[in-house]
Amino acid sequence: MKKVKTILYGAALLLLVNACDSILDREVVLSLTEDDVLTLYNNTQSRAVAIYNYLPSGFRCVDGAMMASASDEAEYTLETSSIQMFNVGSWNAKNNPDGGSWWNNFRGIYLVNHFLANSDNLDLEMYRLNPDDIGHEQYQNRLDNIKRWKYEVRFLRAYFYFELIKRYGGVPVITRPVEIGDSFPRNTLDSCVNFIVKECDDIALGLPIKYTEQENLGRATRGAVLALKSRVLLYAASDLFNSPEKWASGYANKDLISVKPIDRKERWKKAADAAKDVIDLTDAGYALSNNYQGVFRSYTDAEIILARRDGASNDFEKTNYPVGYDLGNSGNTPSLNLLDDYEMLDGTAFDWNNKNHAANPYKGRDPRLAFTILSNMTKFNGRPVECWTGGRDGKGVPRATKTGQYLLKYIDPELNLLEGRTSVHTWILIRLAEVYLNYIEALNEYQPTHSDIKIYYDKIRRREGIKMPELPDGLDQDAVRQKIRHERRIELAFEDHRLWDARRWMIAADNEMGKGVLNIPLRGLEILNRGGVPSYSPIEIEKRNFEPKMYLYPIPQGDLDIAGWSQNPLW
1031 MKKVKTILYG
1041 AALLLLVNAC
1051 DSILDREVVL
1061 SLTEDDVLTL
1071 YNNTQSRAVA
1081 IYNYLPSGFR
1091 CVDGAMMASA
1101 SDEAEYTLET
1111 SSIQMFNVGS
1121 WNAKNNPDGG
1131 SWWNNFRGIY
1141 LVNHFLANSD
1151 NLDLEMYRLN
1161 PDDIGHEQYQ
1171 NRLDNIKRWK
1181 YEVRFLRAYF
1191 YFELIKRYGG
1201 VPVITRPVEI
1211 GDSFPRNTLD
1221 SCVNFIVKEC
1231 DDIALGLPIK
1241 YTEQENLGRA
1251 TRGAVLALKS
1261 RVLLYAASDL
1271 FNSPEKWASG
1281 YANKDLISVK
1291 PIDRKERWKK
1301 AADAAKDVID
1311 LTDAGYALSN
1321 NYQGVFRSYT
1331 DAEIILARRD
1341 GASNDFEKTN
1351 YPVGYDLGNS
1361 GNTPSLNLLD
1371 DYEMLDGTAF
1381 DWNNKNHAAN
1391 PYKGRDPRLA
1401 FTILSNMTKF
1411 NGRPVECWTG
1421 GRDGKGVPRA
1431 TKTGQYLLKY
1441 IDPELNLLEG
1451 RTSVHTWILI
1461 RLAEVYLNYI
1471 EALNEYQPTH
1481 SDIKIYYDKI
1491 RRREGIKMPE
1501 LPDGLDQDAV
1511 RQKIRHERRI
1521 ELAFEDHRLW
1531 DARRWMIAAD
1541 NEMGKGVLNI
1551 PLRGLEILNR
1561 GGVPSYSPIE
1571 IEKRNFEPKM
1581 YLYPIPQGDL
1591 DIAGWSQNPL
1601 W
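Quick note, the sequence shown lines up with residues 1031 to 1601 if you use the working numbering.
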């Protein structure tokens, strides 16, 4: 096999040079003073913390856009953004708008492996030999911390591998520092899934159930580990990784894109059990929030299981504020495709043929709509938003929304951008509502009559501030499946789930059931204002193109040429 270079070696070369005089080198540490060792200990902690920076942040994933704008959730207003390549189908192995995810995750994996290989070299003997009690206590505390940091970075490595397999299928599993001359094959998808699951099993008990200290919020906990396991097993049980014949029948290396063909119900059971383990972790204090909107402007909400906290800035607001507001650029604008899926308050579907519905498509809808989508005439930052043609935020203004709507979820609505005001933003990676949805989706496939399906479905919909109708009795398995999928679409909108859910359910491309959801034209609203009375009409914004080969990303061509790996199907 040819030598693996580019990402696997490009990252390694720089770090291998630095490792020659690593702060963790044993020969150096033995000759240092207690103050020097403390400095090295703190630097070791800093190295572990720095790896968290490689966790994804969904605010500006691709050329300023969220991944929602590569799905049927939204349209990115800036036409020259490379996110549009996903929508028109012009991307490939040499030019992938999200190609940085390959580099980012493998670099994170390299840093984890380097940390694990060197962290034991930090010699704390002088603390152990210290005759006073404080010295002994410091010694034990620091040993415990180093052990915990190793569990934390192993969790991060597992998370990075999940980010890779959901995009690429099987990838090389590397658990040691890369050396010049190494070569690595692509692992089977099954072995990648098993690696992540085993890592989660091995480290879960080594991490605290929760942190109470402010400075430790955001670190990996037992709940985060178990929740990642539940998500990985849910993906492993889903259609995409179990039905290669439906989209890649002629592909010779199906073990790279699908798991072993064992009993699907057993896979669903494992996914359900893993999610229930998180739910049963009562000491963690997780709870659904009664303030849906507030969850996305918090770092300490009890619903959050894992989040990445970015520094104070106003970049997200500048990108997504309505265009009529100072420094606003419209950004990721919610689609009519998404708007239409929000139910009426009584649980019935919205219908454009209903004159009352069409007169005001925002009235009497699921409350989560108003917390997610900034709609016409809604008061925002001191004035009503004017999304109609000729309005301050509507068509006719350069860079105005094409869909007739703006994004509200994650937005701080009170910033004065001209004055440079900023806000701290938290990208939620895992929250309790997702775990509930993971659980009931898997449970419905494994044991569709189980009473927990209704219990946890209703918990999401009936919580304070939402109060949507419960799951009706008497539905068959497929009807419940559609209800659960609908609930994921609404509850998790703009949280970087829809694009991957559409893939793993294999509803993105056209199939025997009809047009794929990522192959349907994106729609928006034509809004007119006559005498202060708005009118709303559905319009087509953009044709979309999603082919079956796009269920998985192509392996980057540069790595493929050097490593001699098999490319993913149809690319």
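Ideal placement from N, C-alpha and C gives every residue a C-beta, glycine not left out.
| In or out: valine 1563 buried (at least 16 other Cβ within 10 Å) or exposed? | exposed
Just how far apart, CA to CA, sit arginine 1469 and valine 1289?
-> Checking the sequence shown, residue 1469 turns out to be tyrosine, not arginine. One C-alpha to the other measures close to 20 Å.
CB of isoleucine 1433 within 7 Å of CB of serine 1360, strictly: Checking the displayed sequence, the identity of residue 1433 turns out to be threonine instead of isoleucine. No, these two residues do not count as a Cβ contact at 7 Å.
Inset, instruction - My understanding is that tyrosine 1351 touches glycine 1358, with C-beta atoms under 8 Å, so please give their C-beta distance in whole angstroms. - result: 3 Å
Practice problem: Tell me, to the nearest whole angstrom, how far the beta carbon of lysine 1409 is from that of phenylalanine 1326; I am working on the premise that it is less than 8 Å. | Solution: In fact, because the Cβ distance is near 19 Å, the residues do not count as touching under 8 Å.
Endpoints, alpha helix (DSSP H) assigned at tryptophan 1535:
Premise fails: tryptophan 1535 is in no alpha helix (DSSP H) and is neither H nor E.
key: Residue range of the alpha helix (DSSP H) that includes glycine 1253   = 1252–1267
Kindly indicate which three-state DSSP category leucine 1558 falls into: helix, strand or coil? strand
Which of helix, strand or coil DSSP assigns to proline 1274:
helix
Excluding the 5 residues preceding and the 5 following asparagine 1135 in the sequence, name in chain order all residues of the same chain whose CB lies nearer than 6 Å to its CB. Phe1190, Glu1193 and Leu1194
Suppose you measure from the CA of glutamate 1275 to the CA of asparagine 1283; what does that come to, to the nearest Å? 12 Å
Inset, instruction - Take phenylalanine 1401 as the anchor and find which of Ala1523, Asn1559 and Arg1172 has the nearest alpha-carbon. - result: Ala1523
**Q.** Classification of lysine 1483 by the beta-carbon crowding that lies within 10 angstroms, buried from 16 upward
**A.** The sequence as given places isoleucine at residue 1483; lysine does not occur at that position. Its Cβ being crowded by 16 or more others within 10 Å, isoleucine 1483 is buried.
Self-check item: Backbone secondary structure at phenylalanine 1346 - three-state DSSP
Solution: helix
- Along the chain, which unbroken stretches of the alpha helix (DSSP H) at least 4 residues long are found entirely within the stretch 1394–1456? 1398–1402
Where does methionine 1374 fall in DSSP's three states? strand
8 Å CB neighbourhood of isoleucine 1139 in its chain, flanking five on each side removed:
Arg1187, Phe1190, Tyr1191 and Ile1204
Quiz item: Excluding sequence positions up to five away, which residues of its chain have a Cβ less than 6 Å from the Cβ of alanine 1317?
Solution: Ala1332
Q.
Rounded to whole angstroms, what is the Cα-Cα separation between glycine 1377 and proline 1568?
A. 22 Å
- As assigned by DSSP and simplified to three states, the class of serine 1101: coil
Check: What residue does the beta strand (DSSP E) around serine 1149 start on, and which one ends it?
Finding: From DSSP, serine 1149 is part of no beta strand (DSSP E); its letter is neither H nor E.
* Classification of threonine 1242 by the beta-carbon crowding that lies within 10 angstroms, buried from 16 upward -> exposed
- Excluding the five sequence neighbours on either side, which residues of its own chain have a C-beta within less than 7 Å of the C-beta of asparagine 1272, listed in chain order? Ser1288, Val1289 and Arg1294
Point to revise | Under the three-state DSSP convention, the category proline 1291 falls into | key: coil
Practice problem: Tell me whether valine 1465 sits in a helix, a strand or coil according to DSSP, three-state version. | Solution: helix
So, under 8 Å CB-CB, glutamate 1457 and serine 1099 are touching, yes? Tell me the CB distance rounded to an integer number of Å. Residue 1457 is actually tryptophan in this sequence, not glutamate. Between serine 1099 and tryptophan 1457 the Cβ distance is about 16 Å, and since that is not below 8 Å, they are no contact.
Since aspartate 1308 and valine 1465 are thought to touch, with beta carbons under 8 Å apart, how far apart are those beta carbons, to the nearest angstrom? Sequence inspection shows valine at residue 1308; the aspartate mentioned does not correspond to that position. Sure, about 5 Å apart at Cβ, within 8 Å.
What's the call for lysine 1259, buried or exposed, on a 16-neighbour Cβ count within 10 Å?
buried
Requested in this report: Count the C-beta pairs between the stretch 1570–1579 and the stretch 1536–1544 that are closer than 8 Å, then say yes if the count reaches three, no if not.
Outcome: yes
**Study point:** Supposed close pair valine 1262, isoleucine 1226 - CB separation, criterion 8 Å
**Key:** 5 Å
- For arginine 1560, count neighbouring C-beta atoms within 10 Å of its own C-beta (all shown protein chains included) and say buried if the count is 16 or more, exposed if not. exposed
Near alanine 1314, what residues of its chain come up, given a Cβ to Cβ distance below 6 Å and the 5 sequence neighbours on each side ignored? Ile1239, Lys1240 and Gly1253
Assuming glutamate 1517 is part of the alpha helix (DSSP H), what are its boundary residues?
1507–1521
### Message
Could you check whether the stretch 1375–1391 touches the stretch 1110–1123, counting it as contact only if at least three pairs of C-beta atoms, one from each stretch, sit closer than 8 Å?
### Response
no
- Run through DSSP, which three-state label would threonine 1205 get? coil
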